[in-house]
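Data block below; observations after.
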Amino acid sequence: MPLFSSRKPEEEVVHEPVPEKRQSHSLFGSRHRSPSPTRTARTSTTTTSSRHSGMLSPPPLPTKRTFGHGNTANPDVDPSILQARERVMQAETAERDADRALEAARVRVREARAEVKRLELEAAEEARRAKIKQYHAREVSKRGKQLGRHDV
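Counting from 10, one number per residue, gives the positions in the sequence shown under the numbering used here.
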């Protein structure tokens, strides 16, 4: 047996007799008014229970509930809800700012590492050139030591 079924209850329309109203002289009433139509009530029966939905009338207008906090923009929302919503929005903004700052820091770290690597390569190149220069200086020195046969 399924948990949720889409059975529609059987509906019966029952006409209820309206008691005769005696005509009176009232502030808003009139003696020459036509009688109102007969009232009808709907009774729906289901397999488990029977419900009486009452007189047919338009649905009541929703009443505005205000919390007395002076919020003219949206009087239906409780001030604690507004405050919580504001805090959540501030936290989201702070997270976005933190994400931007973190990304900026990561970029700076990448740039710094690239600079260090460039400096290391530059130092290695200078060391290579220095070795070459040292080799050539040694060669020149050897040749220079051979001079001096004609030294006074």
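All C-beta atoms, glycine included, are put in the ideal place defined by N, C-alpha and C. Bear in mind that the values here come from a model prediction, so they are computed numbers and not experimental data.
For residue i, the first and last residue of its enclosing alpha helix (DSSP H)
i, result
"residue 158", "From DSSP, residue 158 is part of no alpha helix (DSSP H); its letter is neither H nor E."
Straight-line Cα distance separating residue j from residue i
i, j, result
"residue 89", "residue 105", "24 Å"
"residue 120", "residue 113", "11 Å"
"residue 133", "residue 153", "30 Å"
"residue 94", "residue 128", "51 Å"
"residue 130", "residue 136", "10 Å"
"residue 91", "residue 107", "24 Å"
"residue 150", "residue 138", "18 Å"
"residue 96", "residue 86", "15 Å"
"residue 109", "residue 124", "22 Å"
"residue 3", "residue 155", "Look at the range of the chain in this structure, 10 to 161, and you will see that residue 3 is not part of it."
"residue 158", "residue 148", "19 Å"
"residue 103", "residue 111", "12 Å"
Burial state of residue i (16 or more Cβ within 10 Å)
i, result
"residue 57", "Per-residue confidence for residue 57 stands at a pLDDT of 48, beneath the threshold of 50, marking its modelled position as unreliable; no derived number is given."
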